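Step one of this worksheet: look at the structure below.
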Amino acid sequence: MADAALQIEHLTSGYGEAMVLRDITLSLQQGEVLAVLGKNGMGKSTLLKTIMGFLPPHGGTIRIHGTPTTGLSPHRLAARSVAYSPQDQAIFQDLSVEENLRLGLRSDRGFAPALDRVAGFFPFLAKRRRQAAGTLSGGEQKMLIMARALLSRPRLMLVDEISEGLQPSVILRMAEVMRSELSGSQLSILLIEQNVQFALSVAQRYAVLTRGEIVDTGLIAQPGVEARIHDHLAV
Amino acid sequence: MSAPMRDAAPARLPSERFRLELGGIGALTLLGLALVAVGPLLLDRYSVNILIRSFLYGSIAVTVDILWGFTGVLSFGQSAFFAIGAYACGLAFSHLDFTPLVAVAALGGGVVVAGLVAALIAWLAFGTGVSPLYISVVTLVLSIVFVQVIYAGGDFTGSSSGLSGFDTFDLSNEAWFRIAGVALVLVTLLGWIFVRSDAGRLLVSIRENEQRCRYFGISTSWVKGALLVVSAVVAALAGYAYAAYTDVVAPDLGDFQFGTMLVIWVALGGRGTLIGPAIIAVLIDFVSAWLSGSLPFVWQLVVGAVFIVVIVIMPQGLGPALAGLVRRLLPRVSRIQPTAARLAEAPTYDIETHMQMGHAPAAVEITGVARSYGSLHVLEDISFTGRRGELVSLVGPNGAGKTTLIRCISDGQERTRGRIAIQGREVGRMPPERCVRLGLGRKFQTPNVFDALTVAESLRVSRSRLERLSPWRRADEIHLPEAAMQVARATGLVAQLGTTVRHLSHGAKQALELAMVLAMEPSVLLLDEPTAGLTKPERTLIGGILVDLVAKHGLCILLIEHDLEFVREISSRIIVLHQGRIVLDGSVEEVVTSELVRTIYTGEPQAIGEPAAAGPGSDG
Numbered sequence: 407m408a409d410a411a412l413q414i415e416h417l418t419s420g421y422g423e424a425m426v427l428r429d430i431t432l433s434l435q436q437g438e439v440l441a442v443l444g445k446n447g448m449g450k451s452t453l454l455k456t457i458m459g460f461l462p463p464h465g466g467t468i469r470i471h472g473t474p475t476t477g478l479s480p481h482r483l484a485a486r487s488v489a490y491s492p493q494d495q496a497i498f499q500d501l502s503v504e505e506n507l508r509l510g511l512r513s514d515r516g517f518a519p520a521l522d523r524v525a526g527f528f529p530f531l532a533k534r535r536r537q538a539a540g541t542l543s544g545g546e547q548k549m550l551i552m553a554r555a556l557l558s559r560p561r562l563m564l565v566d567e568i569s570e571g572l573q574p575s576v577i578l579r580m581a582e583v584m585r586s587e588l589s590g591s592q593l594s595i596l597l598i599e600q601n602v603q604f605a606l607s608v609a610q611r612y613a614v615l616t617r618g619e620i621v622d623t624g625l626i627a628q629p630g631v632e633a634r635i636h637d638h639l640a641v
Numbered sequence: 121m122s123a124p125m126r127d128a129a130p131a132r133l134p135s136e137r138f139r140l141e142l143g144g145i146g147a148l149t150l151l152g153l154a155l156v157a158v159g160p161l162l163l164d165r166y167s168v169n170i171l172i173r174s175f176l177y178g179s180i181a182v183t184v185d186i187l188w189g190f191t192g193v194l195s196f197g198q199s200a201f202f203a204i205g206a207y208a209c210g211l212a213f214s215h216l217d218f219t220p221l222v223a224v225a226a227l228g229g230g231v232v233v234a235g236l237v238a239a240l241i242a243w244l245a246f247g248t249g250v251s252p253l254y255i256s257v258v259t260l261v262l263s264i265v266f267v268q269v270i271y272a273g274g275d276f277t278g279s280s281s282g283l284s285g286f287d288t289f290d291l292s293n294e295a296w297f298r299i300a301g302v303a304l305v306l307v308t309l310l311g312w313i314f315v316r317s318d319a320g321r322l323l324v325s326i327r328e329n330e331q332r333c334r335y336f337g338i339s340t341s342w343v344k345g346a347l348l349v350v351s352a353v354v355a356a357l358a359g360y361a362y363a364a365y366t367d368v369v370a371p372d373l374g375d376f377q378f379g380t381m382l383v384i385w386v387a388l389g390g391r392g393t394l395i396g397p398a399i400i401a402v403l404i405d406f407v408s409a410w411l412s413g414s415l416p417f418v419w420q421l422v423v424g425a426v427f428i429v430v431i432v433i434m435p436q437g438l439g440p441a442l443a444g445l446v447r448r449l450l451p452r453v454s455r456i457q458p459t460a461a462r463l464a465e466a467p468t469y470d471i472e473t474h475m476q477m478g479h480a481p482a483a484v485e486i487t488g489v490a491r492s493y494g495s496l497h498v499l500e501d502i503s504f505t506g507r508r509g510e511l512v513s514l515v516g517p518n519g520a521g522k523t524t525l526i527r528c529i530s531d532g533q534e535r536t537r538g539r540i541a542i543q544g545r546e547v548g549r550m551p552p553e554r555c556v557r558l559g560l561g562r563k564f565q566t567p568n569v570f571d572a573l574t575v576a577e578s579l580r581v582s583r584s585r586l587e588r589l590s591p592w593r594r595a596d597e598i599h600l601p602e603a604a605m606q607v608a609r610a611t612g613l614v615a616q617l618g619t620t621v622r623h624l625s626h627g628a629k630q631a632l633e634l635a636m637v638l639a640m641e642p643s644v645l646l647l648d649e650p651t652a653g654l655t656k657p658e659r660t661l662i663g664g665i666l667v668d669l670v671a672k673h674g675l676c677i678l679l680i681e682h683d684l685e686f687v688r689e690i691s692s693r694i695i696v697l698h699q700g701r702i703v704l705d706g707s708v709e710e711v712v713t714s715e716l717v718r719t720i721y722t723g724e725p726q727a728i729g730e731p732a733a734a735g736p737g738s739d740g
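The listed protein sequences correspond, in order, to chains Y and F.
Take the position in the first sequence, starting the count at 1, then add 406; the result is the number in this note's numbering.
Take the position in the second sequence, starting the count at 1, then add 120; the result is the number in this note's numbering.
Below is the structure:
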């Protein structure tokens with residue numbers, strides 16, 4: 407059997423002395439989307455930052471496609487076809503839309519067809535490729551981040567609340583884009599979401615994070631999953 | 121991310137912590153004073169001579185640290201203010217007879233000139249829309265201009281050779297040593313108390329996020345200007361003492377080399393630690409003087425090498441390194457416990473008292489507002505009225521110009537055309553801090569908070585226009601209006617009062633900014649996606665709080681939101697923006713069921729991502 411796209415075992419992580427994640431074990435199979443849900447401050451973004459190497463884990467192991475990556479720095483992970491789209495508007499404000507996209511590829515070869523491909527997802531990108539990215543609206547910046555992450559055809563994507571601040575129709579489009587990228591490719595996605603509906607529409611499995619621990623996990627196809635998740639998120 | 125472990129630890133009250141720290145600094149002060157008292161008895165004459173100068177430099181380094189380390193104002197011109205004080209002394213005593221009256225007049229003259237020049241610099245460098253780099257450039261130029269003025273002064277200023285041999289105070293070196301030493305200890309102590317007070321936290325919040333401060337109605341240019349003037353006065357006093365003691369003034373006292381040196385000392389001593397820069401300034405000046413005597417040709421090389429070593433070993437500077445050492449040696453005493461003030465209900469916030477009843481004007485009146493960037497029209501012909509007791513939601517595709525509209529309402533300099541009135545008063549070209557004083561509150565799209573402050577400190581700063589911040593104390597209670605308190609409770613912020621904002625989750629930062637804006641007790645509230653990043657139950661709670669504010673207190677809320685279900689639950693009216701124009705303005709039912717909204721907003725995939733108006737839309 408092929409190695410899991412992402413295999414995390416007994417991961418502990420946090421800032422300084424404060425532990426945010428405790429003993430996390432989860433796996434993401436190839437071609438799968440796993441939605442990590444949870445209230446605010448439960449450690450969701452910390453999980454992604456730790457996987458991506460922005461935070462050194464205090465314990466545990468991370469394997470990506472079978473190779474241990476614990477403690478590797480972000481640029482090394484990016485070289486292994488891991489794409490990360492962070493929650494804060496991580497674009498280069500003063501660069502143009504096209505320049506921002508270009509930075510998503512390691513070499514300029516193949517940029518033109520790749521640009522055509524992502525412009526197919528979000529047509530405004532092609533029309534406004536010369537515009538400074540900082541002058542895009544908040545939601546447009548989110549689409550740019552998604553497009554940039556997809557540009558390099560990553561094998562593993564870590565996506566942090568991409569639906570925030572998007573108009574409903576664009577959220578639908580995001581889901582569509584993810585599904586079409588998943589079909590027939592080796593892409594796997596770890597998705598962090600606040601928008602449960604959106605998460606359930608693209609993911610096959612879910613995990614609920616509470617106070618740094620996984621308290622529930624399962625298949626989305628099961629009956630009654632949505633109600634169960636809403637129970638976890640209730641105040 | 122929040123730190124669950126921190127939540128559990130009981131937080132100390134700010135005044136307790138302050139007293140505790142005051143004990144520590146008090147002991148250091150006494151130690152400093154004792155050293156100053158016995159110094160002349162133990163040291164040789166040469167060392168005493170040098171240390172007098174070093175102490176004076178130390179005082180200026182403290183002012184540079186308050187300006188740069190705490191407030192983020194990088195000034196290279198403290199040398200010029202120092203020299204202005206020195207030349208006031210030198211000129212007066214050279215050209216007039218030395219009498220007590222002349223001495224006092226010269227001191228006053230030096231201080232006033234330094235203060236006026238600083239005020240002029242502040243006026244030039246802290247204007248609206250000026251880059252923060254500008255103050256560095258202007259102060260650098262100041263020091264160069266100062267030297268040129270002295271050169272041009274001929275015999276009057278002594279030109280390049282300066283002035284010397286004038287009559288001056290008849291004081292022994294021991295006396296000067298004690299004057300300069302006590303001054304350094306006092307400046308450091310007062311500076312220390314000030315930066316740890318509530319007002320001192322304001323300086324840090326200006327450094328961290330000046331825009332957010334201005335949207336709290338704080339005139340940041342005024343605060344920075346006042347600080348620059350006070351720092352200039354302290355430097356001028358030190359310069360006066362320097363000239364009176366050495367009996368020499370020369371142009372290089374005010375040159376940019378010395379100004380830059382002060383900045384380097386502060387960097388080596390540790391920005392934002394006060395004591396570090398004071399110690400480093402004294403140490404380096406003293407050692408350099410000593411080395412330049414014994415190794416006249418290579419001393420600068422030695423000093424340069426030491427700088428590099430210090431920066432490599434202690435990248436944060438001496439201050440933080442010392443603090444780390446103390447923590448390691450005395451782990452129990454110095455363990456930093458979280459500090460947080462208590463929250464208390466503010467006296468009921470009743471918007472009715474803010475305005476005359478009867479002929480109350482509309483909360484917001486917008487007439488023909490347009491915003492274009494060159495040929496690009498982001499907003500065109502926007503007109504509507506927001507009344508008190510109304511929650512108006514602005515919806516529209518990404519890039520429709522919603523954020524731009526909010527920006528035009530809250531900053532008089534943003535719009536290209538049109539008129540905006542808040543509570544019946546014209547906004548004109550007012551900067552944000554003055555718009556805020558008309559009763560406006562604005563929450564930004566992405567969380568706009570103070571990373572280095574704690575949650576409690578942030579809330580305190582947001583109240584600064586309603587409750588004065590004390591420059592020598594820390595308040596234990598933060599008064600919040602009911603709505604801000606409810607948001608803090610509903611989102612769990614009350615349990616994280618002592619947490620540094622940097623460590624909060626994205627959603628918690630959103631909630632904090634909302635609570636801060638509500639704490640300002642605005643009567644017109646502009647909210648750009650206030651619940652993005654929050655969970656559904658949290659959204660529902662906040663929706664309820666907003667509805668309450670509108671119903672009970674008569675606020676007018678303008679809200680940008682994408683979740684139509686949420687909008688439907690809370691709004692009294694919905695305005696739809698598309699391609700920079702209002703395409704629909706009507707009741708909730710009218711808008712939600714409209715065909716137009718479905719086409720441009722919720723459904724039809726072909727419309728997606730093709731908003732024609734390229735709206736600069738995010739304030740970052």
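Beta carbons: idealized from backbone N, C-alpha and C, even for Gly.
Predicted, not measured: the structure shown is a model, and the values here were computed from it.
{"Check": "Extract the residue ranges of the alpha helix (DSSP H) inside the stretch 652-699 of chain F, only unbroken runs of 4 or more that lie entirely within it.", "Outcome": "656-673, 684-690"}
{"Check": "What residues in its chain sit with their C-beta under 6 Å from that of Y:Tyr-490, if we drop five residues either side in the sequence?", "Outcome": "Met-458, Leu-564"}
{"Check": "Which of the three DSSP states is assigned to Y:Pro-474 in this structure?", "Outcome": "strand"}
{"Check": "Would you call F:His-682 buried or exposed, if buried means 16 or more other Cβ atoms sit within 10 Å of its Cβ?", "Outcome": "buried"}
{"Check": "Distance cutoff 7 Å, beta carbons only. Does Y:Gln-628 sit that close to anything in chain F?", "Outcome": "no"}
{"Check": "Please confirm whether F:Ile-400 and F:Leu-388 have their CB atoms less than 7 Å apart.", "Outcome": "yes"}
{"Check": "Could you give the distance in angstroms between the alpha-carbon of Y:Gly-618 and the alpha-carbon of F:Arg-508?", "Outcome": "43 Å"}
{"Check": "Tell me the rounded alpha-carbon separation between F:Pro-134 and F:Leu-194.", "Outcome": "29 Å"}
{"Check": "What distance in whole Å lies between the Cβ atoms of F:Leu-678 and F:Val-512, which are believed to be in contact at a cut-off of 8 Å?", "Outcome": "5 Å"}
{"Check": "Quick one: complete beta strand (DSSP E) runs, 3+ long, within the stretch 457-527 of chain Y?", "Outcome": "465-470, 488-491"}
{"Check": "Can you tell me whether DSSP reads F:Tyr-335 as helix, strand or coil?", "Outcome": "coil"}
{"Check": "If Y:Leu-501 and Y:Ile-635 are in contact, beta carbons under 8 Å, what's the gap, nearest whole angstrom?", "Outcome": "In fact, because the Cβ distance is near 38 Å, the residues do not count as touching under 8 Å."}
{"Check": "In three-state DSSP terms, what is F:Thr-713?", "Outcome": "coil"}
{"Check": "Under 9 Å Cβ-Cβ, which residues of chain F neighbour Y:Leu-572?", "Outcome": "Asn-518, His-682"}
{"Check": "State the DSSP-derived secondary structure class of Y:Ala-419, mapped to helix, strand or coil.", "Outcome": "Just to set this straight, residue 419 of chain Y is Ser in the shown sequence, not Ala. In the structure shown, Y:Ser-419 sits in a strand (DSSP, three-state: E or B)."}
{"Check": "In chain order, what residues of the same chain lie with their CB nearer than 7 Å to the CB of Y:Glu-415, ignoring the 5 residues before and after it?", "Outcome": "Thr-431, Gly-466, Thr-467"}
{"Check": "Evaluate Y:Asp-522 with the Cβ neighbour count: other Cβ atoms within 10 Å of its Cβ, from every protein chain shown; 16 or more gives buried, anything less gives exposed.", "Outcome": "exposed"}
{"Check": "Could I get the ranges of all uninterrupted beta strand (DSSP E) runs contained in the stretch 487-551 of chain F, with 3 residues as the minimum, in chain order?", "Outcome": "496-506, 510-515, 537-542"}
{"Check": "Does F:Glu-649 come within less than 7 Å of chain Y when only Cβ atoms are used?", "Outcome": "yes"}
{"Check": "From the beta carbon of Y:Leu-432, is the nearest beta carbon of chain F less than 7 Å away?", "Outcome": "no"}
{"Check": "Would you tell me roughly how many angstroms separate the C-alpha atoms of F:Glu-330 and F:Ile-241, rounded to the nearest one?", "Outcome": "19 Å"}
{"Check": "For chain F, find out if any of its Cβ atoms is closer than 7 Å to the Cβ of Y:Gly-447; answer yes or no.", "Outcome": "yes"}
{"Check": "When you compare the CB positions of Y:Glu-570 and Y:Arg-535, do they come within less than 7 Å of one another, or not?", "Outcome": "no"}
{"Check": "Alpha carbon to alpha carbon, what distance is there between Y:Leu-434 and Y:Gln-610?", "Outcome": "10 Å"}
{"Check": "By how many angstroms is the C-alpha of F:Glu-136 removed from the C-alpha of F:Ile-145?", "Outcome": "14 Å"}
{"Check": "Give me the Cα-Cα distance between F:Arg-557 and F:Val-258, rounded to the nearest whole angstrom.", "Outcome": "30 Å"}
{"Check": "Please tell me whether F:Glu-641 and F:Val-569 are closer than 7 Å, where the distance is taken between their beta carbons.", "Outcome": "no"}
{"Check": "From which residue to which residue does the alpha helix (DSSP H) around Y:His-638 run?", "Outcome": "631-639"}
{"Check": "For my contact list, F:Leu-394 and F:Val-315 are in at a C-beta cut-off of 8 Å; report their separation, rounded to the angstrom.", "Outcome": "7 Å"}
{"Check": "Could you check which residue in F:Pro-160, F:Ala-181, F:Thr-183 has the C-alpha nearest to that of F:Ile-172?", "Outcome": "F:Pro-160"}
{"Check": "Report yes if the CB atom of F:Ser-179 is closer than 7 Å to the CB atom of F:Ala-363, and no otherwise.", "Outcome": "no"}
{"Check": "Report the residue ranges of all alpha helix (DSSP H) runs contained in full by the stretch 278-330 of chain F; include only those spanning at least 4 residues, in chain order.", "Outcome": "293-316, 318-328"}
{"Check": "Who are the near neighbours of F:Gly-488 in its chain, counting only those whose CB is closer than 8 Å to its CB and skipping five residues on each side?", "Outcome": "Asp-501, Ile-502, Ser-503, Arg-537, Gly-538, Arg-539"}
{"Check": "Taking the alpha carbon of F:Pro-371 as the point to measure from, which residue in F:Gly-282, F:Ile-384, F:Ser-408 has its own alpha carbon closest?", "Outcome": "F:Gly-282"}
{"Check": "Taking F:Ala-203 as part of the alpha helix (DSSP H), name the residues at either end of that continuous run.", "Outcome": "198-215"}
{"Check": "I want to verify the contact list: residues of chain Y whose CB lies under 8 Å from the CB of F:Gln-565, in sequence order.", "Outcome": "Gly-544, Gly-571"}
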